[in-house]
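*Asks:* Once you know that position 91 of the sequence shown is 91 in my numbering, the rest is easy, because the numbers rise by one and skip nothing.
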Amino acid sequence: MTPFLPRYPLRPAYFLPALLFSLHCAARADESAMPMVSVSASKQAQLLDRVPASVTVLDDEALRAAGARGLEDVGPLTPGLSFQPFGQAGVLSPVMRGMTANFFSFSSATLLLNDGVPVLMAQGFDDNLLGIDRIEVLRGPQGTLYGRNAEAGVINIYSKLPGNVPRSSVEVEAGSRNRRALRADLGRALIADRLYASISGEKRRQDGFIANRNTGRKEDGRDSENLKLALRWTPDALTDAIVRYRHFSYDDGAALWAAPTAARATVQSGTPSWNHMRGSSVSLDVTRQLAHGIKLRAITARSDVFDKAQQDTDFRPADLLHIARDHHFRTTSQEVRLEGRLGTAQWLAGLYGDRDDHDLLNEQKLPMGLSRSAAKLGGNSTAAFTDWNVPLGGAWSLNGGARYERDKVRYSTPAGVRQDSAWSRLTPKLAVQYQAAPALLLYASASEGFRAGGYNVFAPSSRYTAFSPETVRALELGAKGWLAGKRLRYAAAFYRMQVDDMQVQQMPSPGLVYLTNAASARSTGAEAELDYLLGGGWQLQAALALNRTRFGRFRDGANNYDGQHNPFAPDRSGQVALRYDAGSGWHAQAALSGTGAIFLDAANRYRRNGYGLLNLNAGYRTGAWDVSVYVSNLADRRYDAVGYQNGIVSVVSPPREAGLRLRWSR
């Protein structure tokens with residue numbers, strides 16, 4: 001085992017050589033400097049190094065250099081962000097600063113906004129990252145600006161705006177297991193200075209690697225399609241209106257599941273397993289510049305996701321155990337906000353509302369028979385919020401705000417069972433920042449976040465039907481700035497979060513999942529990241545996150561989980577990447593990423609061990625053409641989640657992959 005691919009990664013010793021190398025190179029670095037970065041983390045444009053919060057920004061070029069093709073690939077690039085191992089495409093539950101949510105709570109602890117369109121649950125929580133301008137990951141409770149699903153943070157995806165300058169790109173890819181992909185992105189003006197359009201799409205396929213010894217086939221093949229359309233209208237210098245449409249579909253084989261006792265990546269299944277998920281969203285985003293420097297913005301959106309899947313869970317020739325679902329999720333949302341200046345203060349105020357209408361059908365096959373459970377789950381949220389940035393004089397300034405939100409949840413069954421609940425919450429935040437030097441910002445913040453309660457619509461008994469809202473109070477201290485003549489950008493943060501009524505998932509058997517509330521939990525951690533232009537075409541990027549999330553007092557029936565790890569929350573994660581861009585067109589990158597062990601259940605009986613992955617890519621760029629080769633998971637590391645679904649399932653990690661990409665762009 002080499003020291004570069006540790007089984008238990010992310011000890012400081014593994015990062016020290018890269019940091020020493022960067023310091024050694026600093027003396028001979030050239031005079032180039034990193035560009036200033038503008039973000040919209042506070043829903044208003046700000047420079048990244050002036051935002052009193054932990055924010056990671058990944059632009060289109062950085063994502064392509066890392067080979068990122070979906071949100072799951074963004075996790076290793078962002079300190080404190082990972083995803084639960086589930087093994088089904090199109091279903092991602094984020095884990096941020098130790099906070100996460102169960103797939104069947106139909107909510108998330110981290111909010112995804114795709115061009116302002118909210119994604120409020122794990123189903124459909126993904127994007128193919130094509131035609132985007134940047135991703136902003138905002139960590140820590142963001143309830144004031146974003147509401148109930150932002151208690152751990154927010155992932156904001158911003159697409160490239162079509163304009164007068166045309167853009168075109170086409171990319172083909174071929175790789176391991178007959179992987180093939182075609183991507184295209186096109187944007188241009190239809191009427192100069194008035195009307196613009198863009199279209200991007202992707203078709204991707206890959207054969208599976210889990211062998212079915214009963215049929216002789218590979219069970220987990222992947223087939224996906226993505227389409228994004230945008231039409232932009234600027235009738236005058238004061239108005240900007242954009243209509244966006246997004247569609248995605250998955251026509252896959254089985255999830256990456258197998259029996260823990262079987263030979264790795266093998267099943268003997270006689271039950272068909274598949275994933276047929278599709279979704280779409282349409283939105284209208286209008287910005288209007290009003291009098292006295294006030295700007296109005298309104299975003300209206302409608303989303304539909306169809307989640308249809310069937311999965312064998314005994315992995316044997318006879319159909320003894322399987323689960324299936326046929327869900328339709330519908331969400332309509334509206335946000336209207338104003339922003340402007342009052343003296344030297346910058347302010348924002350807005351209203352938000354959404355409505356959910358979900359049709360749910362679960363199926364469970366047991367040896368004694370087949371059962372189906374149907375339910376309707378719905379609800380709505382209404383909120384008013386404001387945010388202010390006020391200079392205090394000298395180098396000091398104050399950022400604060402508050403949000404009042406009311407959430408209603410209701411569910412019903414064909415048998416006539418009906419329940420509904422409502423909660424109201426005021427979520428304030430306050431941050432003090434001090435510009436200690438032109439290239440150094442210090443800040444301290446206090447904020448709150450929450451996740452609404454709900455119902456376990458397929459609960460094992462009425463005792464578990466309802467679960468309470470989860471609330472978070474957080475303190476954060478941070479520093480960010482520049483060094484080495486603005487060739488090194490860095491950020492560091494320390495935080496402590498107190499969680500009350502933490503929503504924790506329980507999985508007593510496949511298909512039987514419910515939420516219960518821990519009395520309390522605490523999350524403490526630190527994050528650091530840097531981006532360093534070493535000179536001569538070399539660039540170093542590093543990120544490290546340390547987190548300790550533990551239950552306080554937690555009883556569930558006769559079970560005592562006091563002091564246990566929150567499931568799916570690693571204690572450490574990080575990445576080091578070294579990139580080289582030669583003036584002659586050659587480029588190469590090596591990235592070492594890893595994460596510590598995670599537990600898969602509240603009792604901490606089952607786990608996925610810590611692991612490290614080494615990814616390589618290299619290529620040549622000339623004119624409009626770029627050809628590159630890549631290898632993912634070079635050492636073919638295995639990091640199966642053994643014991644998922646209360647010990648019955650292993651979520652199998654994918655093997656090493658290699659491939660070739662050819663891209664043309666203008």
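Backbone N, C-alpha and C fix where the C-beta goes; we use that ideal spot for every residue, glycine too.
For P570, count neighbouring C-beta atoms within 10 Å of its own C-beta (all shown protein chains included) and say buried if the count is 16 or more, exposed if not.
*Replies:* When all chains shown are included, P570 counts as buried.
*Asks:* Output yes or no for whether 8 Å exceeds the beta carbon distance between P79 and G557.
*Replies:* Result no, Cβ atoms of P79 and G557 do not sit closer than 8 Å.
*Asks:* Leaving out the 5 sequence neighbours to the left and right, which residues in its chain are closer than 6 Å to G647 when beta-carbon positions are compared?
*Replies:* Y606.
*Asks:* Since Q433 and L442 are thought to touch, with beta carbons under 8 Å apart, how far apart are those beta carbons, to the nearest angstrom?
*Replies:* Indeed they touch by this definition, with Cβ atoms about 7 Å apart.
*Asks:* CA-CA distance, E202 and L227?
*Replies:* One C-alpha to the other measures close to 7 Å.
*Asks:* Of the choices R663, A618, A484, Q645, whose alpha-carbon is the least far from that of A66?
*Replies:* It is A618 whose Cα lies nearest to the Cα of A66.
*Asks:* Which residues in the same chain as H565 place their Cβ atom closer than 6 Å to its Cβ, once the five residues preceding and following it in sequence are excluded?
*Replies:* Answer for H565: F599, N604, listed in chain order.
*Asks:* Measuring straight from C-alpha to C-alpha, what distance separates S447 and R188?
*Replies:* Rounded to the nearest angstrom, the two C-alpha atoms are 42 Å apart.
*Asks:* What's the C-alpha gap between S303 and E173?
*Replies:* If I take the Cα positions, the gap works out to 30 Å.
*Asks:* Closest to G322 by CA distance: which of W625, D354, A259 is it?
*Replies:* Reading the sequence as shown, one finds His at residue 322 and not Gly. Minimum Cα distance to H322 is reached at A259.
*Asks:* Here's the rule I'm using: 16 or more other beta-carbon atoms within 10 Å means buried, otherwise exposed. How should L392 be labelled?
*Replies:* Exposed, because fewer than 16 other Cβ atoms sit within 10 Å of the Cβ of L392.
*Asks:* Where does P35 sit, in a helix, a strand or coil, going by DSSP?
*Replies:* DSSP places P35 in coil when its eight states are reduced to three.
*Asks:* What is the DSSP secondary structure of Y146, reduced to helix, strand or coil?
*Replies:* Residue state, collapsed to three classes: helix.
*Asks:* Alpha carbon to alpha carbon, how far is D407 from S424? Give it in angstroms, no decimals.
*Replies:* Taking the straight line from one Cα to the other gives about 6 Å.
*Asks:* Does DSSP put L63 in a helix, in a strand, or in coil?
*Replies:* Three-state result, L63: helix.
*Asks:* For L546 and A89, I'd like the C-alpha separation in whole angstroms.
*Replies:* Computed Cα separation, rounded: 28 Å.
*Asks:* Between the Cα of Q142 and those of L348, G279, G401, D115, spot the shortest distance and give me the residue it belongs to.
*Replies:* The shortest C-alpha separation from Q142 is found at G401.
*Asks:* Going by beta carbon distance, what residues of the same chain come within less than 6 Å of T524, once the five residues before and after it are set aside?
*Replies:* So the list reads R496, R548, once near-sequence residues are dropped.
*Asks:* Return the chain-ordered ranges of every beta strand (DSSP E) run that is complete within the region 181-264 and spans a minimum of 3 residues.
*Replies:* If we require 3 residues or more, the beta strand (DSSP E) runs fully inside the region 181-264 come out as 195-206, 222-233, 239-252.
*Asks:* From the DSSP output, read off the bridge partner residues of T386.
*Replies:* Paired residue(s): A349, A402.
*Asks:* Is there at least one Cβ from chain C nearer than 8 Å to G80's Cβ?
*Replies:* Among the chains in the structure shown there is no chain C, since it carries only a single protein chain.
*Asks:* According to DSSP, is Q46 part of a helix, a strand, or is it coil?
*Replies:* Three-state DSSP puts Q46 in a strand.
*Asks:* What are the start and end residues of each continuous beta strand (DSSP E) run of 3 or more residues lying completely inside the region 484-521, in chain order?
*Replies:* Listed in chain order, the complete beta strand (DSSP E) runs (minimum 3 residues) inside the region 484-521 are 488-509.
*Asks:* Taking 8 Å as the threshold, find out whether the region 332-352 comes into contact with the region 307-322 through three or more Cβ pairs.
*Replies:* Output reads no: the region 307-322 does not touch the region 332-352.
*Asks:* So, with DSSP's three-state summary, where would you put A53?
*Replies:* DSSP places A53 in coil when its eight states are reduced to three.
*Asks:* Starting from the Cα of M121, find the closest Cα among F306, A542, D387, T144 and give me that residue.
*Replies:* With distances taken between Cα atoms, M121 lies closest to F306.
*Asks:* According to DSSP, is F103 helix, strand or coil?
*Replies:* F103 falls in the helix class under three-state DSSP.
*Asks:* Using three-state DSSP, classify E72 as helix, strand or coil.
*Replies:* Residue state, collapsed to three classes: helix.
*Asks:* Reducing DSSP to helix, strand and coil, say where Q564 ends up.
*Replies:* Coil, per DSSP.
*Asks:* Taking the alpha carbon of R205 as the point to measure from, which residue in D252, D636, V165 has its own alpha carbon closest?
*Replies:* Closest by alpha carbon: D252.
*Asks:* Indicate the three-state DSSP secondary structure (helix, strand or coil) for A474 in the structure shown.
*Replies:* Strand.
*Asks:* Name the residue from E476, M502, V504 whose alpha carbon lies nearest to the alpha carbon of E527.
*Replies:* Among E476, M502, V504, the Cα nearest to that of E527 belongs to E476.
*Asks:* Among M277, E657, T595, Y158, which has the Cα closest to the Cα of R325?
*Replies:* Minimum Cα distance to R325 is reached at M277.
*Asks:* Give the single residue among Y158, G140, E61 whose Cα lies nearest to the Cα of A45.
*Replies:* Ranking Y158, G140, E61 by Cα distance to A45 puts Y158 first.
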